Amino acid sequence: MSGCCSSDHCCAPDPHQGNPGYRKALWAVLAINGAMFAVEVIAGLAAGSASLQADALDFLGDTANYAISLIVVGMALRYRALAATAKGATMAIFGLWVIATLIWHVVQGTLPNAYTMGVVGFTALLANVASFALLWAYRDGDANMRSAWICTRNDVLGNLAVLAAAAGVFGTGTGWPDVIVASIMAMLALQGAFIVLRRSSAELRANPA
């Protein structure tokens with residue numbers, strides 16, 4: 004137990020308990036993600052894009068994740084670790100859902116609208132860059148705080164990939180760039196889930212009750 008406390012900070016109190024700046028940052032990114040989910044879910048369905056649909060669900064998952072983060076700020080580390088575990092599991096489910104979606108698009112031979120992908124993807128990128136900047140100062144906290152930052156980091160990378168997919172669809176006239184990007188986003192979600200679950204598991208082992 005003592006080794007965990009000294010090396011991984013598993014027993015540390017919440018460093019942002021009572022920090023109004025952290026709460027404001029979470030409220031801001033929650034609003035940004037909620038708005039972008041509504042935009043992307045409509046645009047993704049209209050454009051027939053697997054990567055936009057994946058990004059829309061990612062925004063929805065992040066909105067829920069930030070809401071959970073707001074609820075558990077200031078609670079005991081065990082409860083924050085449990086919240087992070089739930090968020091890690093959600094990220095893993097998202098990754099598996101994206102894989103199922105892209106398989107469906109491959110079978111259907113969907114050709115997405117490159118213009119819609121580009122415009123919405125760029126808007127989403129701006130939204131996530133803003134969220135990334137807001138959460139940058141809190142990236143090295145506990146598992147719960149780290150999971151919020153990892154979600155936003157993955158979103159920025161995902162948006163860049165969506166823009167690349169839009170260019171690829173436009174240039175090739177096929178839906179394969181969209182499928183490839185959706186696959187990358189799924190892998191990012193699964194990687195992020197592994198990191199968060201590993202950290203939260205360590206914190207739960209260090210604080211069994």
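Be aware that the sequence shown starts at 4, since it is given in our numbering, and climbs by one per residue.
Every residue gets a Cβ at the ideal spot worked out from N, C-alpha and C, and that includes glycine.
None of these values were measured; they are calculated from a predicted model.
- Taking 7 Å as the cut-off, the Cβ atoms of MET39 and ALA127 count as close.
- LYS90 sits buried, since 16 or more C-beta atoms from the chains shown fall within 10 Å of its C-beta.
- Taking C-beta separations shorter than 8 Å and ignoring five residues to either side along the sequence, the partners of MET190 in its chain run GLY98, following chain order.
- Cβ-Cβ distances below 6 Å link ALA196 to GLY91, MET94, ALA95 in the same chain, with the five nearest sequence neighbours on each side left out; the list follows chain order.
- The Cβ atoms of SER134 and THR155 sit closer than 7 Å to each other.
- Going by DSSP, MET39 is part of the alpha helix (DSSP H) stretching over 23-50.
- The DSSP-derived three-state label of THR175 is helix.
- Annotation for MET120: the continuous alpha helix (DSSP H) segment containing it runs 117-138.
- Secondary structure of ALA205 (DSSP, three-state): helix.
- In the structure shown, THR104 falls within a helical segment according to DSSP collapsed to helix, strand and coil.
- Using a Cβ distance threshold of 7 Å, LEU207 and ALA84 count as a contacting pair.
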